[in-house]
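Protein chains in written order, with the working numbering: chain A, 304 to 571; chain B, 19 to 478.
Following: one structure in structure tokens, then a few remarks.
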């Protein structure tokens, strides 16, 4: 089984890359923009199988170390995008979202090299750690979407206001669709991050109260990211922020959360 | 005589005064097809008549006219209220067989259109086909050909970007609106001015499902008339109203999309009047100013939620789209080439000679399989008798079908021959046999069987 897992781990980034090429063709050639995408489903199913094998072999859910978390994030990003695509019947944003999934899986597979398959990572602690992990994963995924859709909104808006009919013009969904997508992703990410952070003190007890550099780094970066997302959510609700400003905050929140992930990976 | 030909005229070969002199109304098309059916000059026929082309696709019958072009012009003269105009040299073109197929596929793909990539032509080809079906002048070949042409049109639209992007100012305005608004049915369109261009833009927006319409004009009566007229469109807005120019600021505040096209020499939508109204706005407002001189104060475009475009922007968008369409032409032509080759393969397979060869091969296969199965029960002379018996039986079974096919090849109407060949191929599953048999070996055996068949014919 370890050999099979290693081969599958090496293959997954290539599969995501192939998907990326397929979606890039849709975006640039403007063909099959509303077609169904069986390849995406196939990759998601294969990825699910890979993580199931990994979990069975390791004896714990594959969410205890940074490489595992990255792989789960890639899967979650691809699966949620698949759902969005099914609901909207629109493949035009796929290349951007799947770029994120590809990068997650590429980084995950890269970090996996030399990582013992059955070694539980730092997040393999007790009950509260596990309660923390699920909303944290949702937050990472949702803010990934918020970052992508926010960036697309800002780029499309800039083009439209600047009267530029270039590459992005008519290759993206309308502003009225992108704005709410970024907002809903930001809101979901913020709620999930709030839950994950709320559980943190209890999770900290699981670890025997040891304050490692990794945990300090995560707390600092996570707090800043949470504060930015909170500003975006409450600014939108109470301050009637424009979609452009909310999208800008979504992008910043996304970057901070990626920094959080990097801190977690580097210091683990 | 070719199996298929097209005779016609189009914007490539004739000026508009000639084209309009040859164009037929739907009733006239039906009368022309009824005549064709009545006098049996053509086995099959279809007439495509649009503002840019009049084309007659036909399968000649055994007693077809000696000069098909003259025949067509005479027929047009009989069904038109006025006689056809004198045709300048080169106005009429005629294409046969492969070139006729290619021409139809290019027409259906909108590669031959005046505005390459326009979407109306495929619908016009479909209408022409339905008229031919109703008149019962579309037979075996045209049925197959036209369905293939629809497929080509669809492939080009889905596999290339040839039909994407707007090709005119009204469509460009709709395209711009689609970049901002997710659902036009929920939007309010404000039309400022009731000129022809503004009306065309409004019609394009209404056709795309714009939900609510306000028409503002200096003359309220004209605004009311236009609002009523647009509301009467098949996909008309759910609500409509007319206002005077004095009521513009509140109307702009309610609108999502403003089309401005008055003949005023000063801006009608001024910054001072609208900035206070728009400053409180939280949803996007698109303003398309197609008037020259402009109707909208350019400073309004700096407001947070305002997307302001003028006629130059629309022209640039149209030019950009046309350039993108031109880049797609080679890909569309490749699809046409592919489909022409596929159609030719199909047509070649519906010829008599290869079908007879396959028919013999099918019977030989059945005969040999049965000998294999039952041959063990026979030995020596009995086995020879069995061979001779089955061979003779196969010859006799094949004799009449082959004689009929040969007769159709020599004297039959094209569509009757093709339909018969098609039936024979389906009855004996010859397409599958053709796909599975190694050519060289099978053809040698076919020749031997053919020699036997000749003997059988002599015996008969």
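No residue lacks a Cβ here, since even glycine has one placed at the ideal position from N, Cα and C.
Item: Quick one: complete alpha helix (DSSP H) runs, 4+ long, within the region 105–183 of chain B?; Value: 115–126, 138–152, 158–177
Item: Determine, for residue 331 (chain A), whether the minimum Cβ-Cβ distance to residues of chain B falls below 7 Å.; Value: no
Item: How would you call residue 333 (chain B), buried or exposed, if buried means at least 16 neighbouring beta carbons within 10 angstroms?; Value: exposed
Item: Is it buried or exposed for residue 476 (chain B), if we count other Cβ within 10 angstroms and need 16 for buried?; Value: A caution first: residue 476 (chain B) carries a pLDDT of 47, below 50, which makes its placement in the model unreliable, though a value can still be read off. Exposed, by the Cβ-count rule.
Item: Listing by chain order, which chain A residues have their CB less than 8 Å from the CB of residue 183 (chain B)?; Value: 473
Item: Please tell me whether residue 334 (chain A) has its Cβ less than 7 Å away from any Cβ of chain B.; Value: yes
Item: Counting beta carbon pairs with one atom in the region 317–333 of chain B and one in the region 279–298 of chain B, are three or more of them shorter than 8 Å?; Value: yes
Item: Identify the contact partners of residue 335 (chain B) in chain A, using a Cβ-Cβ distance below 7 Å as the criterion.; Value: 468
Item: Please list, in chain order, the chain A residues whose beta carbon lies closer than 7 Å to that of residue 198 (chain B).; Value: 463, 477, 478, 479
Item: Between the Cα of residue 125 (chain B) and the Cα atoms of B:351, B:83, B:329, B:161, which residue gives the shortest distance?; Value: B:351
Item: What's the C-alpha gap between residue 306 (chain A) and residue 346 (chain A)?; Value: 20 Å
Item: Ignore the nearest five residues each way along the sequence and tell me which others in residue 213 (chain B)'s own chain have a CB closer than 6 Å to its CB.; Value: 279
Item: Would you mind giving the Cβ-Cβ distance between residue 414 (chain A) and residue 369 (chain A), rounded to the nearest angstrom? I have them listed as a contact below 8 Å.; Value: 6 Å
Item: Cα-Cα, which of B:375, B:169, B:218 is closest to residue 186 (chain B)?; Value: B:218
Item: What's the gap between the Cα of residue 304 (chain B) and the Cα of residue 449 (chain A)?; Value: 25 Å
Item: Return no unless some Cβ of chain A is closer than 7 Å to the Cβ of residue 325 (chain B).; Value: yes
Item: Given residue 258 (chain B), which residues of its chain have a CB within under 6 Å of its CB, disregarding the five upstream and five downstream residues?; Value: 231, 245, 249
Item: For chain B, is any of its Cβ atoms less than 7 Å away from the one on residue 339 (chain A)?; Value: no
Item: Under 7 Å between C-beta atoms, does residue 392 (chain A) make it to chain B?; Value: no
Item: Quick test of your reading: residue 77 (chain B) and residue 160 (chain B), contact by CB under 8 Å. State the CB separation rounded to the nearest angstrom.; Value: 7 Å
Item: Three or more beta-carbon pairs under 8 Å between the region 197–213 of chain B and the region 228–243 of chain B, yes or no?; Value: yes
Item: Quick one: which chain A residues come within Cβ less than 8 Å of residue 188 (chain B)?; Value: The contacting residues do not exist; residue 188 (chain B) stays about 16 Å from chain A at best.
Item: Could you have a look at residue 283 (chain B) and say whether DSSP puts it in helix, strand or coil?; Value: coil
Item: I'd like to know whether the C-beta of residue 379 (chain B) is nearer than 7 Å to at least one C-beta of chain A.; Value: no
Item: Label residue 283 (chain B) either buried or exposed according to how many other C-beta atoms from any shown protein chain fall within 10 Å of its C-beta, with 16 as the threshold for buried.; Value: exposed
Item: To which residues of the same chain is residue 550 (chain A) closer than 7 Å at the C-beta, ignoring the five residues directly before and after it?; Value: 453, 456, 457, 482, 485
Item: Please classify residue 204 (chain B) as buried or exposed, where buried requires at least 16 other C-beta atoms within 10 Å of its C-beta.; Value: exposed
Item: Under 9 Å, CB to CB, which of the residues in the region 530–560 of chain A have a partner in chain B?; Value: 543, 545, 546, 547
Item: With a threshold of 7 Å on Cβ separation, who are the neighbours of residue 120 (chain B) within its own chain once the five nearest residues in sequence on each side are excluded?; Value: 354, 358
Item: With three or more C-beta pairs closer than 8 Å as the rule, is the region 521–539 of chain A touching the region 33–51 of chain B?; Value: no
Item: What does residue 300 (chain B) reach in chain A if we use C-beta pairs closer than 8 Å?; Value: 543, 545
Item: Any C-beta of chain A within less than 8 Å: which residues of the region 334–366 of chain B qualify?; Value: 334, 335, 338
Item: Does residue 544 (chain A) come out as helix, strand or coil in the three-state DSSP assignment?; Value: coil
Item: From which residue to which residue does the beta strand (DSSP E) around residue 432 (chain B) run?; Value: It is not in any beta strand (DSSP E) - residue 432 (chain B) instead sits in the alpha helix (DSSP H) that spans 432–445.
Item: Within 8 Å, do at least three Cβ pairs link the region 329–343 of chain B to the region 164–172 of chain B?; Value: no
Item: Rounded to a whole number of angstroms, what is the C-alpha to C-alpha distance between residue 313 (chain B) and residue 277 (chain B)?; Value: 10 Å
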